[in-house]
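Quick note: the sequence shown uses my numbering, first residue 6, plus one each step. Idealized CB from N, CA, C, for every residue including glycine. So the structure is just underneath, and the comments pick up after that.
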Amino acid sequence: MQIARLITAFLTLIILAQPAHAAPASIEGRWKTDDGKSIIAFYKCGNAMCGRIDKFLVPEPRGGARDGENPNKALRERKLLGLRIFWNLKPDSNSYEGKGYNPEGGRYFNADLKREGNQLKVKGCVLIICKTVTWTRA
């Protein structure tokens with residue numbers, strides 16, 4: 006009986022001593038893209054994070070930049086400034102996973118974003134082809 010209690014107490018200590026899984030570092034805020042053309046703002050939207058085009062750092066065409074490469078012809082006239090290009094970003098073990106849209110090529114992709122200090126690693130994958138870029142805190 007005494008041994009059973011000791012084993013139970015020992016197992017309880019082992020379980021309690023396990024490190025808790027920490028949430029990934031917050032991506033909330035403004036980030037300058039790797040090409041230096043724009044600022045993307047990440048914000049809470051429901052129980053996830055979203056990102057929108059917050060500012061262009063290069064001159065826009067008269068009337069504003071449009072979503073001309075969108076595969077949906079009905080969306081090609083919408084303005085890019087303010088457009089939500091990341092959505093449903095939910096914390097995973099060390100990053101945020103969700104969906105993204107690249108208006109430069111009109112492509113939707115699976116997104117994985119990981120903050121490392123003042124840098125944001127943005128990984129986009131279409132099927133098995135992936136690309137990672139590094140953005141900096143704006």
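Grouping DSSP H, G and I as helix and E and B as strand, with all else coil, what is A70?
The answer is coil: DSSP assigns A70 none of H, G, I, E or B.
Can you tell me whether DSSP reads L80 as helix, strand or coil?
It is helical.
In this structure, how does DSSP classify A28 when only helix, strand and coil are distinguished?
A28 falls in the coil class under three-state DSSP.
Since V138 and D39 are thought to touch, with beta carbons under 8 Å apart, how far apart are those beta carbons, to the nearest angstrom?
With a Cβ gap of about 4 Å, V138 and D39 count as contacting.
Using the DSSP secondary-structure output, state which residues sit across from I44 in a beta bridge.
Paired residue(s): K37, K60.
Output the boundary residues of the beta strand (DSSP E) element that contains I134.
Unbroken beta strand (DSSP E) run through I134: 134-142.
Going by DSSP, name the residue or residues bridged to P96.
In DSSP, P96 forms a bridge with Y101.
Please classify I133 as buried or exposed, where buried requires at least 16 neighbouring CB atoms within 10 angstroms.
So I133 ends up on the exposed side.
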